[in-house]
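Peer 1: Line by line, the protein sequences are chains A and B.
Here my numbering is used: the first residue of the first sequence is 2, the next is one more, and so on.
Here my numbering is used: the first residue of the second sequence is 4, the next is one more, and so on.
Provided herewith is a single structure, encoded as structure tokens, for subsequent inquiry.
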Amino acid sequence: MSSAHRLARVASAAVMTIVAIMALARATALPLAYHPSPAARLRLSFSARPERIEVCRTLSAEELAQRPEHMRQRVECDGKFASYRLRIDVDGRPAGESVVRGAGLRHDRPLYVLREYDIPPGRHAVHVTFERREQTDDDAEAFAPAVAVGADTGIFAGRAQREAAEHARRAEAAIPKRLQFDTTLVFAPRRVTLLTFDAERRALRLFGAL
Amino acid sequence: MRILERPARRALAALDALATSAYGWAWNPLHQTGTVAVAMLLALLATGLYLVLVYRLGAPAASVARIAADPWLGAWIRSLHRYASDLFVVAAALHAFRLFAQRRSWGPRTLAWISGCGLFLIGLACAWTGYVMAWDTFGERLAREGARLFDVLPIFSEPLSRIFAGDRPVPGAFFFVNLFVHIVLPLAMGIGLWLHVSRLARPTLLPPKRLIWAIVGALTVAAIAFPAALGPAADSFTLAERTPVDLVAAWWLPLSERLPAGVAWSAALAALIAALLVPRVTRRPREGSWAPSHVDPRLCTGCNQCPQDCPWDAITMVPRDDDRPSLVALVDPARCVSCGICAGSCAPMGVGPAGLTGRDQLTALRSCALTALGAAVDSPIVAVCCAQAPVTHVAALRARGALVHQVPCVGNLHSSVVELLVRQGAPGVIVCGCPPRDCVGREGPKWLAERFFNEREAELQPRVERDRVRIATMAGGDLRGTLAAYDDFARHVAALRRPEREANVELQAECAPPALAEDAS
Numbered sequence: 002m003s004s005a006h007r008l009a010r011v012a013s014a015a016v017m018t019i020v021a022i023m024a025l026a027r028a029t030a031l032p033l034a035y036h037p038s039p040a041a042r043l044r045l046s047f048s049a050r051p052e053r054i055e056v057c058r059t060l061s062a063e064e065l066a067q068r069p070e071h072m073r074q075r076v077e078c079d080g081k082f083a084s085y086r087l088r089i090d091v092d093g094r095p096a097g098e099s100v101v102r103g104a105g106l107r108h109d110r111p112l113y114v115l116r117e118y119d120i121p122p123g124r125h126a127v128h129v130t131f132e133r134r135e136q137t138d139d140d141a142e143a144f145a146p147a148v149a150v151g152a153d154t155g156i157f158a159g160r161a162q163r164e165a166a167e168h169a170r171r172a173e174a175a176i177p178k179r180l181q182f183d184t185t186l187v188f189a190p191r192r193v194t195l196l197t198f199d200a201e202r203r204a205l206r207l208f209g210a211l
Numbered sequence: 004m005r006i007l008e009r010p011a012r013r014a015l016a017a018l019d020a021l022a023t024s025a026y027g028w029a030w031n032p033l034h035q036t037g038t039v040a041v042a043m044l045l046a047l048l049a050t051g052l053y054l055v056l057v058y059r060l061g062a063p064a065a066s067v068a069r070i071a072a073d074p075w076l077g078a079w080i081r082s083l084h085r086y087a088s089d090l091f092v093v094a095a096a097l098h099a100f101r102l103f104a105q106r107r108s109w110g111p112r113t114l115a116w117i118s119g120c121g122l123f124l125i126g127l128a129c130a131w132t133g134y135v136m137a138w139d140t141f142g143e144r145l146a147r148e149g150a151r152l153f154d155v156l157p158i159f160s161e162p163l164s165r166i167f168a169g170d171r172p173v174p175g176a177f178f179f180v181n182l183f184v185h186i187v188l189p190l191a192m193g194i195g196l197w198l199h200v201s202r203l204a205r206p207t208l209l210p211p212k213r214l215i216w217a218i219v220g221a222l223t224v225a226a227i228a229f230p231a232a233l234g235p236a237a238d239s240f241t242l243a244e245r246t247p248v249d250l251v252a253a254w255w256l257p258l259s260e261r262l263p264a265g266v267a268w269s270a271a272l273a274a275l276i277a278a279l280l281v282p283r284v285t286r287r288p289r290e291g292s293w294a295p296s297h298v299d300p301r302l303c304t305g306c307n308q309c310p311q312d313c314p315w316d317a318i319t320m321v322p323r324d325d326d327r328p329s330l331v332a333l334v335d336p337a338r339c340v341s342c343g344i345c346a347g348s349c350a351p352m353g354v355g356p357a358g359l360t361g362r363d364q365l366t367a368l369r370s371c372a373l374t375a376l377g378a379a380v381d382s383p384i385v386a387v388c389c390a391q392a393p394v395t396h397v398a399a400l401r402a403r404g405a406l407v408h409q410v411p412c413v414g415n416l417h418s419s420v421v422e423l424l425v426r427q428g429a430p431g432v433i434v435c436g437c438p439p440r441d442c443v444g445r446e447g448p449k450w451l452a453e454r455f456f457n458e459r460e461a462e463l464q465p466r467v468e469r470d471r472v473r474i475a476t477m478a479g480g481d482l483r484g485t486l487a488a489y490d491d492f493a494r495h496v497a498a499l500r501r502p503e504r505e506a507n508v509e510l511q512a513e514c515a516p517p518a519l520a521e522d523a524s
């Protein structure tokens, strides 16, 4: 190979390498549109335990005696987990409506909400309702102290009260039957306003609002 | 899919020619895409080791920003890490394309093809997790898209997308799992790589050292000159108008984002199935030129050469079922790719695919090239060319006056063919093979040189003047090199005395092992 040919090859190799490197560098950091619209976004995101809707009855002493010892529960309940209707209105116009159920095949797992709505920048009235669809009330009366405090003795002493307390705790942990959020917000371009459920305050709470 | 092979082959030839014209065949990176991909894996491991030491799970974006701001070490190592991952993806894709175009994706190569698809996917997943680690706007974009895709699958009870909702900080567990996957996947690639080359004898895992250093050097220069982009830190409450996107390692992202998650999964699944079906739809009937090698046990002397030369470990030596004391070669058709390398390795010409054994080669030579050689008043130089050689190069040699004799691969050229040509009066024989790293038989040029000049069995006999034999490389895009090699050889041969033509050369008889009593009877 002549020296001129060798030089030409080195030059062509250098040019091709530089072009390849520049193409690689360019292709690895190509600015591509992600949210081209200047719209703001309202994001609803929370998880909570769905309410358990139950029909309960207090077992008599005879019925209890027929059960194995480890299954002697004073109050027996049968029921299902509640479903909820989520509705969002912006400036009086419906922006979205959906039904929310607990996760899992039997909907007995916590429910998860993640909805996003693009909203034009500016001031808007936002109205969010989250309410239970089922009208049936739970059978709280079954947990009323129908049985005398001293009715259960021995290892079963205080059973009815413990069951009632546990029932109350579960009801407390569930999301309320109805949540409502009604306010006017200023939405900045390409900013996210987050509406979430505050379990301590048992209410919807806003993040990131101007 | 087979109708795509021809245009793919044309496109590959054009690409190869372009790269060869720029780099020369010895440095052509396109001939070494598989090994370049492995070299990039090693570069990723080396640079990743440093990055993982300075990466902080508790503050991913800040730690990567600090790495990127360190001009002495962090910035270029991070950029080199990224560019190496991109080059891995490019090299792996080109490697698959090359094998598809060269019809090397089916039969015994099926395992390599399927494991290669797996390695490619793992590489993409690894790049995905790597970008998420940086937790800039692009990392967040990838993470959100991944969460969107996985949320339609019945895997997680809580939607993954809620991780990035903003009602709580992105949990450290997310970055931990991401980092874990990013580190574990390369280990899986190690296993996949072992599977990938498990059917090869003497697998070549790395390019020549000088090519490795040239590529790493070029990428390092790129890393310094064009530091890898790092977008603003991810923020759950800000919608980025645009983000830097790596269209090499995350080429699927713009497509996926435009599709509903279910459709995106379906498209990905369809593409994967299509890729996995390539060996099935491109396979050929194992007959004709695709028939596996066979052994003629009467000719096999049990020399153990063909198992050593077979690039696919398809031949073993087994006890004979006759009274001879030696072993006999046995070809496993499930591993044989019909490359014919064994035909060139067998001195008594007893092994090879149908029509390609040494005896078949001599017969073909007699019926064609030798006739032309005998008819010529002034015997021309004979150019034995690989069938894969570019047509333009072969035509150019003909135009130079060479008598061209084509063989399927120079690796299965039996040395007796060259000997017969020289003894029949050819003033010189130039064997033009493919570039060593681009041989469809993997090791053809290597064994050819060993047999001709280093006395590897079945060696070119000492009675053949070595001055009259030369090996050259014929690569698309390097016609000048091919012609220069030919012209140089022609000048060399012209200075030699006129060759003598021997009468009644019967090499088959010379090569046949002594007949046993039962054969004679």
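For every residue, glycine included, the Cβ atom is placed at its ideal position computed from N, Cα and C.
(1) Locate the beta strand (DSSP E) running through residue 181 of chain A, then write down its first and last residues.
(2) Taking contact to mean 3 or more Cβ pairs, one atom from each stretch, closer than 8 angstroms, check whether the segment 144–157 of chain B and the segment 351–361 of chain B are in contact.
(3) Mind listing which residues of the segment 68–95 of chain A have their C-beta closer than 8 angstroms to chain B's C-betas, in chain order?
(4) With a cut-off of 8 angstroms, does the C-beta of residue 522 of chain B fall near any C-beta of chain A?
(5) Can you give me the C-alpha to C-alpha distance between residue 498 of chain B and residue 305 of chain B, rounded to a whole angstrom?
(6) Counting only Cβ-Cβ distances shorter than 7 angstroms, please list the residues of the segment 233–255 of chain B near chain A, keeping chain order.
(7) By DSSP, does residue 61 of chain A sit in helix, in strand, or in coil?
(8) For residue 324 of chain B, does the three-state DSSP call read helix, strand or coil?
(9) Using the beta-carbon of each residue, which ones in chain A are nearer than 8 angstroms to residue 172 of chain B?
(10) Nearest to residue 224 of chain B by alpha carbon, out of B:276, B:81 and B:122?
(11) Using only alpha-carbon positions, find the residue among B:230, B:13, B:318 and B:473 that is nearest to residue 346 of chain B.
(12) Tell me which residues of the segment 113–133 of chain A have at least one Cβ-Cβ distance to chain B shorter than 8 angstroms, keeping chain order.
(13) Report yes if the CB atom of residue 2 of chain B is closer than 8 angstroms to the CB atom of residue 477 of chain B, and no otherwise.
(14) Have a look at B:69, B:49, B:46 and B:201 and flag the residue whose alpha-carbon is nearest the alpha-carbon of residue 117 of chain B.
(15) With 7 angstroms as the C-beta to C-beta threshold (strictly closer), list the residues of the segment 179–202 of chain A near chain B in chain order.
(16) Which residue's Cα is closest to the Cα of residue 390 of chain B: B:384, B:404, B:426 and B:412?
(17) Got a sec? Which residues, its chain only, sit under 8 angstroms from residue 320 of chain B by beta carbon, not counting five neighbours each side?
(18) Can you look up residue 36 of chain B in the DSSP assignment and give me helix, strand or coil?
(19) Can you find a CB in chain B that lies within less than 8 angstroms of the CB of residue 25 of chain A?
(20) Identify whether residue 79 of chain A lies in helix, strand or coil by the three-state DSSP scheme.
(21) So for residue 201 of chain A, helix, strand or coil by DSSP?
(22) At the 8 angstroms Cβ level, is residue 165 of chain B part of the contact set with chain A, yes or no?
(23) Does residue 47 of chain A have its Cβ less than 8 angstroms from a Cβ in chain B?
(24) When the cut-off is 8 angstroms and only beta carbons count, does residue 169 of chain B lie next to chain A?
(25) If you run the structure through DSSP and keep just helix, strand and coil, what is residue 391 of chain B?
(26) Please list the terminal residues of the continuous beta strand (DSSP E) segment that includes residue 99 of chain A.
(27) Within 8 angstroms (strictly less), CB to CB, does residue 473 of chain B reach chain D?
(28) Under 8 angstroms between C-beta atoms, does residue 257 of chain B make it to chain A?
(29) Would you grab the beta carbon distance between residue 42 of chain A and residue 242 of chain B for me? Rounded to a whole angstrom, and I think it's under 8 angstroms.
Peer 2: Taking the structure as given:
(1) Here the question's residue 181 of chain A lines up with position 180 in the first sequence. First-last of the beta strand (DSSP E) with residue 181 of chain A: 179–188.
(2) At 8 angstroms Cβ cutoff, the stretches do not touch.
(3) Taking 8 angstroms as the Cβ-Cβ cut-off against chain B, none of the residues of the segment 68–95 of chain A qualify.
(4) Here the question's residue 522 of chain B lines up with position 519 in the second sequence. Residue confidence for residue 522 of chain B is low, a pLDDT of 47 falling below 50, so the modelled location carries little weight and cannot support an answer.
(5) Here residue 498 of chain B corresponds to residue number 495 of the second sequence, with the count starting at 1. Here residue 305 of chain B corresponds to residue number 302 of the second sequence, with the count starting at 1. Across the structure, residue 498 of chain B and residue 305 of chain B are spaced so that their CA atoms are roughly 42 angstroms apart.
(6) Of all residues in the segment 233–255 of chain B, only 239, 240, 241, 242, 243, 244, 245, 246, 247, 248, 249, 250 and 251 place a beta-carbon less than 7 angstroms from a beta-carbon of chain A.
(7) Along the first sequence, read from residue 1 onward, the residue named residue 61 of chain A stands at position 60. Looking at residue 61 of chain A - three-state DSSP - the assignment turns out to be coil, as it is neither helix nor strand.
(8) Numbered from its first residue, the second sequence carries residue 324 of chain B at position 321. Correct three-state label for residue 324 of chain B: coil.
(9) Taking the second sequence and counting its residues from 1, the one referred to as residue 172 of chain B is at position 169. From the beta-carbon of residue 172 of chain B, no residue of chain A is found nearer than 8 angstroms; the closest lies around 12 angstroms away.
(10) In the second sequence, residue 224 of chain B corresponds to position 221, counting from 1. It is B:81.
(11) For the purposes of this step, residue 346 of chain B is taken as the residue at position 343 of the second sequence. Among B:230, B:13, B:318 and B:473, the Cα nearest to that of residue 346 of chain B is on B:318.
(12) So the list reads 113 and 115, given in the order they occur along the chain.
(13) Chain B is shown from 4 up to 524; residue 2 of chain B falls before or after that span and cannot be answered.
(14) Here the question's residue 117 of chain B lines up with position 114 in the second sequence. Minimum Cα-Cα distance from residue 117 of chain B among the listed residues B:69, B:49, B:46 and B:201 corresponds to B:201.
(15) If the cut-off is 7 angstroms between Cβ atoms, the segment 179–202 of chain A has 191, 192, 193, 195 and 197 near chain B.
(16) Locating residue 390 of chain B in the second sequence gives position 387, counting from the first residue. Closest option to residue 390 of chain B, Cα to Cα, is B:412.
(17) Translated into positions along the second sequence, residue 320 of chain B becomes position 317. These residues qualify, in order along the chain: 305, 307, 310, 330, 331, 332 and 333.
(18) Residue numbering aside, residue 36 of chain B sits at position 33 when the second sequence is read from its first letter. Residue 36 of chain B falls in the helix class under three-state DSSP.
(19) Taking the first residue of the first sequence as 1, we reach residue 25 of chain A at position 24. In terms of beta-carbon proximity, residue 25 of chain A lines the interface with chain B, with at least one pair separated by less than 8 angstroms.
(20) Stepping through the first sequence from its first residue, residue 79 of chain A is reached at position 78. Three-state DSSP puts residue 79 of chain A in a strand.
(21) For the purposes of this step, residue 201 of chain A is identified with residue 200 of the first sequence, where counting begins at 1. Residue 201 of chain A falls in the coil class under three-state DSSP.
(22) Residue numbering aside, residue 165 of chain B sits at position 162 when the second sequence is read from its first letter. At least one chain A Cβ lies under 8 angstroms of residue 165 of chain B.
(23) Walking along the first sequence from the start, residue 47 of chain A turns up at place 46. The beta carbon of residue 47 of chain A falls within 8 angstroms of a beta carbon belonging to chain B, placing the residue at that interface.
(24) Here residue 169 of chain B corresponds to residue number 166 of the second sequence, with the count starting at 1. So yes, residue 169 of chain B belongs to the interface.
(25) Along the second sequence, one-based indexing puts residue 391 of chain B at 388. Residue state, collapsed to three classes: coil.
(26) Here residue 99 of chain A refers to the residue found at position 98 of the first sequence. Counting along the chain, residue 99 of chain A sits inside the beta strand (DSSP E) bounded by residues 94–101.
(27) Among the protein chains of the structure shown, namely A and B, there is no chain D.
(28) Translated into positions along the second sequence, residue 257 of chain B becomes position 254. Look at residue 257 of chain B: its C-beta is under 8 angstroms from a C-beta on chain A.
(29) Taking the first sequence and counting its residues from 1, one reaches residue 42 of chain A at position 41. Taking the second sequence and counting its residues from 1, one reaches residue 242 of chain B at position 239. About 6 angstroms; that satisfies the 8 angstroms criterion.
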